[in-house]
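A quick write-up on the structure given underneath.
In the UniProt record's numbering, the protein residues as written are 1 to 149.
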(Lines of atoms letter the chains of each structure in order from A and count residues from 1; the text may use other names and numbers.)
(Lines give C-alpha, C1' and ligand atoms only; values in the text may rest on other atoms or scores of the structure.)
Protein backbone atom coordinates (compact mmCIF):
# COMPACT_ATOMS: atom_id res chain seq x y z
CA UNK A 1 0.00 0.00 0.00
CA UNK A 2 1.32 3.44 -0.94
CA UNK A 3 1.68 6.36 1.46
CA UNK A 4 -1.18 8.14 -0.30
CA UNK A 5 -3.47 5.11 0.06
CA UNK A 6 -2.56 4.76 3.74
CA UNK A 7 -3.31 8.44 4.42
CA UNK A 8 -6.55 8.23 2.46
CA UNK A 9 -7.72 5.22 4.49
CA UNK A 10 -6.69 6.84 7.79
CA UNK A 11 -8.59 10.01 6.83
CA UNK A 12 -11.72 8.00 6.01
CA UNK A 13 -11.43 6.21 9.35
CA UNK A 14 -11.24 9.53 11.23
CA UNK A 15 -14.30 10.87 9.41
CA UNK A 16 -16.27 7.64 9.93
CA UNK A 17 -15.43 7.79 13.63
CA UNK A 18 -16.60 11.41 13.81
CA UNK A 19 -19.86 10.48 12.05
CA UNK A 20 -20.47 7.60 14.48
CA UNK A 21 -19.89 9.93 17.45
CA UNK A 22 -22.29 12.54 16.09
CA UNK A 23 -24.94 9.90 15.38
CA UNK A 24 -24.65 8.70 18.98
CA UNK A 25 -25.11 12.27 20.22
CA UNK A 26 -28.20 12.67 18.02
CA UNK A 27 -29.57 9.36 19.28
CA UNK A 28 -29.04 10.48 22.88
CA UNK A 29 -30.82 13.77 22.22
CA UNK A 30 -33.72 11.95 20.54
CA UNK A 31 -34.05 9.63 23.54
CA UNK A 32 -33.96 12.59 25.91
CA UNK A 33 -36.68 14.34 23.90
CA UNK A 34 -38.88 11.24 23.93
CA UNK A 35 -38.39 10.65 27.63
CA UNK A 36 -39.21 14.25 28.60
CA UNK A 37 -42.39 14.18 30.63
CA UNK A 38 -44.45 17.22 31.34
CA UNK A 39 -43.96 18.32 34.91
CA UNK A 40 -45.92 20.82 36.91
CA UNK A 41 -43.30 23.39 35.92
CA UNK A 42 -44.50 23.72 32.30
CA UNK A 43 -42.19 26.58 31.35
CA UNK A 44 -39.19 24.66 32.64
CA UNK A 45 -40.26 21.65 30.55
CA UNK A 46 -40.62 23.75 27.41
CA UNK A 47 -37.24 25.39 28.00
CA UNK A 48 -35.63 21.96 28.37
CA UNK A 49 -37.24 20.73 25.14
CA UNK A 50 -36.14 23.87 23.32
CA UNK A 51 -32.57 23.38 24.49
CA UNK A 52 -32.64 19.76 23.31
CA UNK A 53 -34.02 20.86 19.94
CA UNK A 54 -31.16 23.36 19.58
CA UNK A 55 -28.63 20.67 20.46
CA UNK A 56 -30.20 18.33 17.92
CA UNK A 57 -30.02 21.03 15.25
CA UNK A 58 -26.37 21.74 16.09
CA UNK A 59 -25.52 18.02 15.91
CA UNK A 60 -27.38 17.78 12.60
CA UNK A 61 -25.25 20.59 11.18
CA UNK A 62 -22.09 18.86 12.42
CA UNK A 63 -23.25 15.65 10.76
CA UNK A 64 -23.87 17.42 7.46
CA UNK A 65 -20.43 19.08 7.57
CA UNK A 66 -18.72 15.79 8.38
CA UNK A 67 -20.62 14.02 5.59
CA UNK A 68 -19.32 16.73 3.23
CA UNK A 69 -15.75 15.93 4.34
CA UNK A 70 -16.41 12.28 3.56
CA UNK A 71 -17.61 13.24 0.06
CA UNK A 72 -14.39 15.22 -0.51
CA UNK A 73 -12.38 12.13 0.44
CA UNK A 74 -14.38 10.01 -2.01
CA UNK A 75 -13.33 12.40 -4.81
CA UNK A 76 -9.68 11.47 -4.23
CA UNK A 77 -8.15 8.74 -6.36
CA UNK A 78 -5.48 7.37 -4.01
CA UNK A 79 -3.88 5.38 -6.83
CA UNK A 80 -3.30 8.42 -9.06
CA UNK A 81 -0.02 10.30 -9.25
CA UNK A 82 0.62 13.88 -10.32
CA UNK A 83 3.68 16.09 -9.98
CA UNK A 84 1.42 19.13 -9.62
CA UNK A 85 -0.04 19.60 -6.13
CA UNK A 86 -3.79 19.23 -6.01
CA UNK A 87 -6.53 17.50 -4.03
CA UNK A 88 -5.16 14.16 -2.84
CA UNK A 89 -1.49 15.06 -3.17
CA UNK A 90 1.06 13.93 -0.61
CA UNK A 91 3.63 16.71 -0.23
CA UNK A 92 7.03 16.43 1.41
CA UNK A 93 8.55 19.81 2.25
CA UNK A 94 11.67 21.02 4.00
CA UNK A 95 9.58 21.55 7.15
CA UNK A 96 6.53 19.26 7.24
CA UNK A 97 4.70 16.65 5.22
CA UNK A 98 1.14 17.24 4.05
CA UNK A 99 -1.82 15.30 2.72
CA UNK A 100 -3.95 17.73 0.73
CA UNK A 101 -7.48 16.55 1.40
CA UNK A 102 -9.47 17.70 4.44
CA UNK A 103 -8.41 19.45 7.61
CA UNK A 104 -8.28 16.74 10.26
CA UNK A 105 -4.85 17.32 11.74
CA UNK A 106 -1.94 14.97 12.23
CA UNK A 107 -1.86 11.51 10.66
CA UNK A 108 0.94 9.06 11.35
CA UNK A 109 2.29 6.34 9.08
CA UNK A 110 5.00 3.83 9.90
CA UNK A 111 7.71 6.24 8.81
CA UNK A 112 6.37 9.82 8.91
CA UNK A 113 3.92 12.28 10.38
CA UNK A 114 1.66 14.13 7.96
CA UNK A 115 -0.74 17.00 8.39
CA UNK A 116 -4.03 16.43 6.62
CA UNK A 117 -5.03 19.87 5.39
CA UNK A 118 -7.67 21.32 3.13
CA UNK A 119 -6.67 23.07 -0.09
CA UNK A 120 -8.48 26.12 1.32
CA UNK A 121 -6.22 26.52 4.37
CA UNK A 122 -3.58 29.26 4.16
CA UNK A 123 -0.72 26.81 3.54
CA UNK A 124 -2.93 24.66 1.34
CA UNK A 125 -3.61 27.65 -0.92
CA UNK A 126 0.12 28.32 -1.20
CA UNK A 127 0.90 24.70 -2.08
CA UNK A 128 -1.85 24.19 -4.67
CA UNK A 129 -0.52 24.10 -8.21
CA UNK A 130 3.14 23.96 -7.14
CA UNK A 131 5.62 21.23 -8.09
CA UNK A 132 8.78 19.65 -6.72
CA UNK A 133 11.58 22.20 -6.26
CA UNK A 134 9.21 25.16 -5.88
CA UNK A 135 9.60 27.39 -2.84
CA UNK A 136 6.76 29.01 -0.94
CA UNK A 137 6.92 31.57 1.85
CA UNK A 138 4.68 30.86 4.82
CA UNK A 139 4.89 32.80 8.11
CA UNK A 140 8.02 34.52 6.81
CA UNK A 141 9.75 31.15 6.32
CA UNK A 142 10.92 29.73 3.03
CA UNK A 143 9.65 26.19 2.52
CA UNK A 144 10.94 24.04 -0.31
CA UNK A 145 8.76 21.37 -1.86
CA UNK A 146 10.93 18.26 -1.89
CA UNK A 147 8.57 15.62 -3.28
CA UNK A 148 4.99 15.34 -4.54
CA UNK A 149 3.16 12.02 -4.70
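Every residue, glycine too, gets a C-beta built ideally from N, C-alpha and C.
Return yes when the Cβ of residue j is within less than 8 Å of the Cβ of residue i, no when it is not.
i	j	result
residue 132	residue 58	no
residue 78	residue 8	yes
residue 103	residue 146	no
residue 148	residue 89	yes
residue 136	residue 127	yes
Assign residue i to one of three DSSP states: helix, strand, or coil.
i	result
residue 131	coil
residue 110	coil
residue 117	strand
residue 81	coil
residue 75	coil
residue 123	helix
What separation, rounded to the nearest whole angstrom, lies between the Cα atoms of residue i and residue j?
i	j	result
residue 34	residue 139	51 Å
residue 112	residue 124	19 Å
residue 12	residue 66	11 Å
residue 101	residue 46	43 Å
residue 87	residue 50	41 Å
residue 116	residue 26	27 Å
residue 76	residue 32	39 Å
Would you say the beta carbon of residue i comes nearer than 7 Å to a heavy atom of the ligand GDP?
i	result
residue 2	Although the ligand GDP was asked about, the structure shown includes no ligands whatsoever.
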